[in-house]
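As C-alpha cells, the structure follows; a few thoughts come after it.
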C-alpha cells in the first residue's frame, strides 16, 4: 500500500469521533421532502452541506433552487486534466418518520446503541453522504485528491426526484465527468461488499374513488349503494392473478426476460429465500410463480399497495358507508418497461374494470426508469478492487429492487455509467421506524471510498 | 278535538322558541360515545337530561352508572293504575363528527339556516328526545299526563349499546310497561309520516392483518413479500360474489325469505330506486341481484366496509410495503340471523381464505339482533292515528335498514312491543357531516306525540 493511501486511511480512523458528531448533526435536521411543512429543514440541510463543502475547500459551491427543493453543488478540480473526474451523487432528503410511536428513540434525535446509530436517514442516505465527504477529506488533509471530484446533492429523491432530470439536462457542462459514484445502494451483509448493476424503475400513483355524494349511514343505505372502499378492494384484488402475475393489460410485453446465465449468477448471491424470510419477518414468502425471491425483487416487476384510507379509522365503531376511498399504488419496473406506458396500462385497467357505481381518478406521484449497467467500466473495476482490499473478499454483483432514477438519467444525459455501492445493511429499517446505521461497516465504507478515489486516479 | 288536547297543542306551539333554545343547549354538548376523550361530555349530557326531567316533576330520577356511559331514568306515574304505562326510549350519545373539515358550520355549535338546525345529533337523536320531552311537558303544563310515562336514556347507542341489555335484564321491575315508544327511526319525507315495523341487526368487526414484522421498503422487498394491504383487499373482494351475494359460509341459511305479499307492500313505499339514487348521490345503484333497493336495505342483509387503513396515507408518496392493514367491516342482519353465528361465519371465511403469508385477528366491536314487530298492537295503532291526524295522511309502514337493538331487547326482556317512529328525514345526513333537523317536521312531531299519549290513554 502506498504511503499516501496509508496516511489517508489513518486520518479517517483517527477522526471517527468528529465524523460521528457531524453525522449526528446532519441526521438531526428533519429534511422530509414529501412534507410541505419541512421546507425550512430542507433548506437547513442544504446549507449544512454547503458548510461542509466549504470546509473541504471546494469551489463553485452553489445552492441551485428548483421548483421544490434545492440542489447543492461543489467541485474540486485540482487533480488536473490528466486525471478523471468523478461525479459524486447523494440525496440529503429523507422519508417521513411515521408511525412515530414505533420508534424506540426519537427519529430526529440520533441515538447510539452498541455499535449502531439510530435515526431517520442514518442509512438512507445521510450516513453514505458523510462517508464520501470524509473519504475526500481524509485524502485532502493528508495530501491531494487523486482525482477531480464534483458533488451533487439533491433534496427530492424520496419524492421521485421531480426536478433532477431537468437540472442535469440544463447543466451538462457543469456536471461533465468520467464516471458517477452513487453510494445509495447497500450491502447484502456486513461481510459482503456489494456492487449493484441494475435497478428497478418506479411508477407511483394515488387512486381515488368516489361513490355517494357524502358519507352515508350504513344501515340506511347498506345493500343498495356500492361501497367505494369495497370497490377499491375489488379493483386492487383484480390487479394480480392467481399465479401472482400483474394483470394490467400489456404489462409484461416490455419485460426483458432473464437469461439462464443471469439466473445462474443470481442464484449464487447470499440473498436466498431464507434471507428474505428472515429479514422481512413475514410468516411466509409469496410472489410471482416460477421465480426465486431474489429474482422477484431484482429482475421482475412488482405491484404494491403503499397506503389505504377510507371511512372511519379511529377507535371503536362508526356505521358509515364512506363516500370516498383512496389507495397509493406503486409498481416497480424492470428493463425495458416505461413509467408512462404503465400509467396508460393502469388507466386501461380501471376503464375496463371500475364499475359505473363510482367515479375515479389516478394521480401520478412519481416515476423512474429502470436501468442496467455495464460491469466492465473503469469506475466499477476500481470500486470492485477497493471493496475487495477493504473487506478481503471479492464483492458480489447484484440487481437491486429499489429505484435510483438518477442512474438512468446520468446514463442518458451525461453519457456516464454509475458505480453503485453503499454501506447500509438489509436490516437497517430503511423507510421504516428505527432506521439505523451499522458503524463498523460505515467506517470500512470510508476506507473503501478512500481506496476507490485512489485507484480511479492511478 | 278535545279541549285538553287543543290546549296542549297550543302550549307546544307557543313555546317553540324555548324548545329551540333547549335543543341547541343539548346539541352543544359533544357526547360522542366512541371517543374516550368525551367521557366528561357524556356525563354533562346525562346531567342535562336529569335537569329536564326534574323540571317536569318526574320522580325516581336516577343516573345509573354502567361499565362505560350512564343510563338516565325518570318516571311520572300520576295517571294511575288504570292507565297504561309508556316507556320512552332515547339515546343521548352521538356519532363522531369527523371529517370536521366538511362541516359548513361547527358540528357542536348548532346553527339555524332557513328552517333547518345544523349540528351533530340534531336529528339522531337529540331532536327526537326533545320532541318527547316537549310533548310530555305540553300535556303536564295544561292538565295532567293521560298515561304513565317512564323515560330511559342511554349513552351508548352509537357504540352498539354494550351495557343496555344487562341493565334492562337487571331492572325489569323498574322498566315494567305496556308499550315502548321509540322515536329513533325516521320519516320517508316531510309529508310521509312513517312507522317502522322491522329493523336490521348488526355485527361489526375490526379485521387486522399483519405481514412482515415491520414496514419494509417496497423496492427492496416488493414482489417477494405478500403485501398485507393487498391481502386485505383480496379478502374483502372475496366476501361478495358476482351477483352481489355475501359469501361467508352459511350466511343466508337463517335469512327469512320475503313473501310475495310483503314485497308487494314494500313496492308501494315512496322509497323507490330513484329515491335511493337521489338521496345517496351515488352515480348508480348496486346490490344483490333480484331485489329492489328498498328490499335490499330493509329486508336483505348487507356487508359494508366502514373503514380501511394501511401504510402511508399522507400527502405525496412513500414507497413502503406496510407491515399491517386494518378494515372495519359491518354486516346488517335480517330475521332470523344472529350476530354470534355471523362472527363464526366470518372466522370460518378467514380461516379458509387468509393466506399463510399473513396473520390475522378479528375484533368484534358491536352487535344487535334484527327485529320484526306486530303492527296490530295498541301502541302502534295509537301512533298510526296520531300521525294521521297530524299530517292528514295515513302513515306508511316500513322495514328499516338500520339497527335499534333495544327493540329486540325489550321484546325479549320486558315482553313489550315497540312503537317506532321519528321525525328525522332521509337527507338529514345522519352519521355524516352537516347533520340537520327540519324544524317544521320536528314541530309536527311534537304535535303527533301529544296526540299519541292522549290516544294511548283513552
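Chains as they are written, first to last, in my numbering: chain A, 1 to 458; chain B, 1001 to 1458.
Ideal placement from N, C-alpha and C gives every residue a C-beta, glycine not left out.
Once the 5 residues before and after residue i are set aside, which same chain residues still bring their CB inside 6 Å of it?
| i | result |
| --- | --- |
| residue 227(A) | 321 |
| residue 254(A) | 336, 337 |
| residue 1454(B) | 1005, 1146 |
| residue 452(A) | 382, 383, 386 |
| residue 1153(B) | 1049, 1072, 1090, 1092 |
| residue 1294(B) | 1266, 1269, 1271 |
| residue 1212(B) | 1225, 1323 |
By a C-beta neighbour count over all protein chains shown, 10 Å radius and 16 as the cutoff for buried, is residue i buried or exposed?
| i | result |
| --- | --- |
| residue 168(A) | buried |
| residue 146(A) | buried |
| residue 75(A) | buried |
| residue 380(A) | buried |
| residue 344(A) | exposed |
| residue 1274(B) | exposed |
| residue 440(A) | exposed |
| residue 1241(B) | exposed |
| residue 90(A) | buried |
| residue 1425(B) | buried |
| residue 1222(B) | buried |
| residue 35(A) | buried |
| residue 1021(B) | exposed |
Contact defined as beta carbons within less than 8 Å: I believe residue i pairs with residue j. What is the distance between those atoms, to the nearest angstrom?
| i | j | result |
| --- | --- | --- |
| residue 1210(B) | residue 1324(B) | 5 Å |
| residue 1188(B) | residue 1271(B) | 6 Å |
| residue 414(A) | residue 182(A) | At roughly 12 Å, the Cβ-Cβ gap does not stay under 8 Å, so residue 414(A) and residue 182(A) are not in contact. |
| residue 1370(B) | residue 1194(B) | In fact, because the Cβ distance is near 19 Å, the residues do not count as touching under 8 Å. |
| residue 1401(B) | residue 1298(B) | 6 Å |
| residue 1204(B) | residue 1009(B) | At roughly 41 Å, the Cβ-Cβ gap does not stay under 8 Å, so residue 1204(B) and residue 1009(B) are not in contact. |
Comparing the C-beta of residue i with each C-beta of chain A, is any distance below 8 Å?
| i | result |
| --- | --- |
| residue 1170(B) | no |
| residue 1354(B) | no |
| residue 1233(B) | yes |
| residue 1161(B) | no |
| residue 1357(B) | yes |
| residue 1003(B) | no |
| residue 1272(B) | no |
| residue 1313(B) | yes |
| residue 1300(B) | yes |
| residue 1215(B) | yes |
| residue 1230(B) | yes |
| residue 1282(B) | yes |
| residue 1305(B) | yes |
Here's a check: name, in chain order, each residue in its chain whose Cβ is nearer than 7 Å to the Cβ of residue i, leaving out the five neighbours to either side.
| i | result |
| --- | --- |
| residue 1327(B) | 1207, 1232, 1236, 1305, 1307, 1308 |
| residue 1112(B) | none |
| residue 1062(B) | 1073 |
| residue 1033(B) | 1042, 1069, 1093, 1155, 1156, 1158, 1159 |
| residue 31(A) | 38, 41, 42, 45, 92, 93, 94, 155 |
| residue 1374(B) | 1417 |
If we define contact as Cβ-Cβ less than 8 Å, is residue i a contact residue for chain B?
| i | result |
| --- | --- |
| residue 218(A) | yes |
| residue 42(A) | no |
| residue 288(A) | yes |
| residue 431(A) | yes |
| residue 194(A) | no |
| residue 236(A) | yes |
| residue 80(A) | no |
| residue 338(A) | no |
| residue 226(A) | yes |
| residue 93(A) | no |
| residue 422(A) | no |
| residue 138(A) | no |
| residue 241(A) | no |
Going by beta carbon distance, what residues of the same chain come within less than 8 Å of residue i, once the five residues before and after it are set aside?
| i | result |
| --- | --- |
| residue 1025(B) | 1048 |
| residue 78(A) | 144, 145, 148 |
| residue 1350(B) | 1207, 1235, 1360, 1362 |
| residue 1086(B) | 1147, 1148, 1149, 1150, 1177, 1178, 1179, 1180, 1181, 1379, 1453, 1456 |
Whole runs of the alpha helix (DSSP H) within the segment 363-412 of chain A, excluding any shorter than 4 residues | 378-391
Complete runs of the alpha helix (DSSP H) confined to the segment 1262-1319 of chain B [at least 4 residues]: Runs of the alpha helix (DSSP H) inside the segment 1262-1319 of chain B: 1273-1280, 1293-1298.
Unbroken beta strand (DSSP E) runs of length 3 or more, entirely within the segment 1085-1146 of chain B: which are they? 1085-1091, 1111-1113, 1116-1118
Self-check item: Complete runs of the alpha helix (DSSP H) confined to the segment 184-266 of chain A [at least 4 residues]
Solution: 218-221, 228-237, 260-266
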